[in-house]
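Student: Residue numbers (the UniProt record's numbering): 1 to 328.
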Ligand code: UFG
């Protein structure tokens, strides 16, 4: 297939672009490089720099595409609380412009990068696709709004669409991994502390009702996540919008993640206890049964030490290219 990948210079988008190319697809990446890295875009992909709203219509109108994988987004929960305008314009308005470009050019398929943040604080775990969607921050609210827009476009205009709700993505693949200018995610922060690029890891909250008092998350390897995108693209049916959760199905606490990182790296990781981070649910664990049964998805890298080992190999190899590396 000929595919447009928005946000293909970002972490998840660049890994998915690689996996699509390996599967024999032809990929054009659109990215404005505000948070993405140009050198994360696979060499075999065409690259167009710009906002989705500015360039997607021309790209899709320029030749016939079989599908769009839409990753481009603002994705920091805390920032979304402080600057919701950045999320409503940057996520919703940009995505509506993309949907319009897709409709006008009769591009048949869309796979959208949705999130567990659409569910908010769950009533019970594991979280099913039928669980209530009550986002606790603007980031989750904007992703949910886009999901609703996609549902109405598929019904009215015959688009074949799949939304994938990611839980906590980590790990690396094919030389692509987490190297953000502003890092807020637990595993890269812990590995940066192991390398001495940070003084310590702050544990946000030690008074949750969990076994060790710290928050529990479901970590999914970025390669397993990317493979789900390939399956989603093949499974998409005209006029339907399917939604799938993607996780590994087991939860690890913040302390367990830090211990695993210490084991994998063999290095000491200084920690300090800190208050809870606003908007953080206590426990998020996915049921991915629907993706497993409907898509034939079979995650293979579900062990946390494997996910951390791949992230560590990537982080260590970054050297001076790491955004967290101490500058001279
Ligand atoms: N945490 C710390 N210290 C840190 C960073 C994180 O204790 O320095 C904790 C967080 O408080 C949380 C856990 O580690 O309890 C995981 O935090 P992350 O920031 O790595 O991930 P989140 O669970 O907050 O967010 C992820 C995605 C979001 C998505 C969300 C869905 O990054 O995009 O899952 O729940 F919205």
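A virtual CB, placed ideally from N, CA and C, is assigned to each residue, including glycine.
Quick one: grab the DSSP three-state call for residue 197.
Tutor: Note: residue 197 maps to coil in three-state DSSP.
Student: Span of the beta strand (DSSP E) holding residue 46?
Tutor: From DSSP, the beta strand (DSSP E) with residue 46 extends over 46-49.
Student: Look at the Cβ atom of residue 243, then the Cβ atom of residue 182, and state whether they are nearer than 9 Å.
Tutor: The answer is no: Cβ separation not under 9 Å.
Student: Assign residue 58 to one of two classes, buried (16 or more other C-beta atoms within 10 Å of its C-beta) or exposed (fewer than that).
Tutor: Flag for residue 58 reads exposed.
Student: Considering only DSSP beta bridges, list what residue 137 is partnered with.
Tutor: In DSSP, residue 137 forms no bridge with anything.
Student: Specify the secondary structure class of residue 34 as computed by DSSP and reduced to three states.
Tutor: The answer is coil: DSSP assigns residue 34 none of H, G, I, E or B.
Student: Does the stretch 129-141 come into contact with the stretch 173-182, if we say contact requires no fewer than three beta-carbon pairs (one atom in each stretch) closer than 8 Å?
Tutor: Contact between the stretch 129-141 and the stretch 173-182 is absent, because fewer than three Cβ pairs lie under 8 Å.
Student: Once DSSP output is grouped into helix, strand and coil, what is the label at residue 161?
Tutor: Here residue 161 sits in strand by DSSP.
Student: Taking the alpha carbon of residue 63 as the reference point, which residue from 100, 36, 107, 76 has its own alpha carbon closest?
Tutor: Residue 63 has its Cα closest to that of 107, out of 100, 36, 107, 76.
Student: CA-CA distance, residue 104 and residue 222?
Tutor: Spanning the two alpha carbons is a distance of roughly 32 Å.
Student: Assuming residue 277 and residue 205 form a contact by the criterion Cβ under 8 Å, report the distance between their Cβ atoms to the nearest whole angstrom.
Tutor: Going by Cβ atoms, the distance from residue 277 to residue 205 rounds to 7 Å, so yes, they are a contact pair.
Student: From the DSSP output, in three-state form, read off residue 234 for me.
Tutor: The answer is helix: DSSP assigns residue 234 an H, G or I state.
Student: Counting Cβ pairs, one atom from each stretch, are 3 or more of them under 8 Å apart for the stretch 116-125 and the stretch 192-202?
Tutor: The stretch 116-125, when compared against the stretch 192-202, does not touch it at the 8 Å Cβ threshold.
Student: Does the separation of the CB atoms of residue 95 and residue 87 fall below 9 Å?
Tutor: Result no, Cβ atoms of residue 95 and residue 87 do not sit closer than 9 Å.
Student: Buried or exposed: where does residue 156 fall if 16 or more other Cβ atoms within 10 Å of its Cβ makes it buried?
Tutor: Flag for residue 156 reads exposed.
Student: Check the C-beta distance from residue 297 over to residue 217 and give it rounded, since I have them as a contact under 8 Å.
Tutor: Actually they are not in contact, since the Cβ atoms of residue 297 and residue 217 sit about 20 Å apart, beyond 8 Å.
Student: What first and last residue would you give for the alpha helix (DSSP H) that runs through residue 105?
Tutor: Taken as a continuous stretch (DSSP letters only), residue 105 belongs to no alpha helix (DSSP H), as it is neither H nor E.
Student: Residue 284 to residue 207, Cα distance in whole Å?
Tutor: One C-alpha to the other measures close to 16 Å.
Student: Going by Cα to Cα distance, which pick from 118, 128, 191, 170 is closest to residue 148?
Tutor: It is 118 whose Cα lies nearest to the Cα of residue 148.
Student: Assign residue 178 to buried or exposed, taking buried as 16 or more other Cβ atoms, counted over all protein chains shown, within 10 Å of its Cβ.
Tutor: Classification of residue 178: buried, given that the 10 Å Cβ count is 16 or more.
Student: On the CB-based measure, 16 or more other CB atoms within 10 Å of its CB, does residue 43 come out buried or exposed?
Tutor: Exposed, by the Cβ-count rule.
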